[in-house]
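Enquirer: In the working numbering, the protein residues as written are 1249 to 1399.
Can you read through this structure? Questions will come right after.
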Ligand SMILES: Nc1ncnc2c1ncn2[C@@H]1O[C@H](COP(=O)(O)OP(=O)(O)OP(=O)(O)O)[C@@H](O)[C@H]1O
Ligand SMILES: [Mg+2]
């Protein structure tokens, strides 16, 4: 996947981009979603989850570090690690229920260097551009699983 950089003019456009992103994903994929408070991370995940077949309302995780939604393909996980100081200080099993086979996971505020997230395949970065405009960059991560094609 070639890196993409787009600008959206409102939340519905960001949701729609999330839907396009969903089409690139497959079982076990982890997507890191970065950006300042209110940049639109959850909005993008909402659109992606919808496109993956989640019918429940997708809202920001509040009490737990994440939410899990049933979808036709399996589970869609939505994590928000904002309130975690450092993953190293947490039970290593903390993320286990959210990542791996049978799931597609979106992680807001991922912690740098967290081994649990080392296999993430795609990175999305959202930036405030004034008013309702947001810059959104989608890139494939080098150390994710290799794409098919010539070696
Ligand atoms: N172009 C846009 N894309 C996404 N959201 C937008 C856009 N323009 C305005 N908004 C508004 O900005 C807010 C984005 O909130 P959202 O919860 O998605 O952000 P977030 O990055 O997940 O924040 P947090 O870091 O608090 O989790 C929403 O109120 C949304 O309606
Ligand atoms: Mg959020």
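Ideal Cβ placement from N, Cα and C applies to all residues, glycine included.
#1: What do you reckon, is the C-beta of residue 1259 under 7 Å from a heavy atom of ligand 1?
#2: Since residue 1277 and residue 1382 should fall inside the 8 Å C-beta cutoff, what is the C-beta to C-beta distance between them, to a whole number of angstroms?
#3: Less than 7 Å separating the Cβ of residue 1201 from some heavy atom of ligand 2?
#4: Quick one, which of 1290, 1384, 1285, 1374 has its alpha-carbon nearest residue 1353's?
#5: Could you check what DSSP says for residue 1276 in three-state terms: helix, strand or coil?
#6: Is it right to say residue 1292 is buried, meaning 16 or more other beta carbons lie within 10 angstroms of its own, or is it exposed?
#7: Is the Cβ-Cβ distance between residue 1316 and residue 1306 less than 8 Å?
#8: Which residue from 1319, 1322, 1312 puts its Cα closest to that of residue 1342?
#9: Comparing C-alpha positions only, which one of 1282, 1268, 1285, 1356 sits nearest to residue 1298?
#10: Taking only three categories from DSSP, how would you classify residue 1374?
Expert: In this structure, then:
#1: At a cut-off of 7 Å, the beta-carbon of residue 1259 counts as near ligand 1: some heavy atom of the ligand is closer than that.
#2: About 23 Å; that fails the 8 Å criterion.
#3: Because residue 1201 is not part of the residues shown, which for the chain are 1249 to 1399, the question remains open.
#4: 1290
#5: Three-state result, residue 1276: coil.
#6: buried
#7: It is not a contact, given that the beta carbons lie outside the stated cut-off.
#8: 1312
#9: For the residues 1282, 1268, 1285, 1356, the minimum Cα distance to residue 1298 belongs to 1268.
#10: strand
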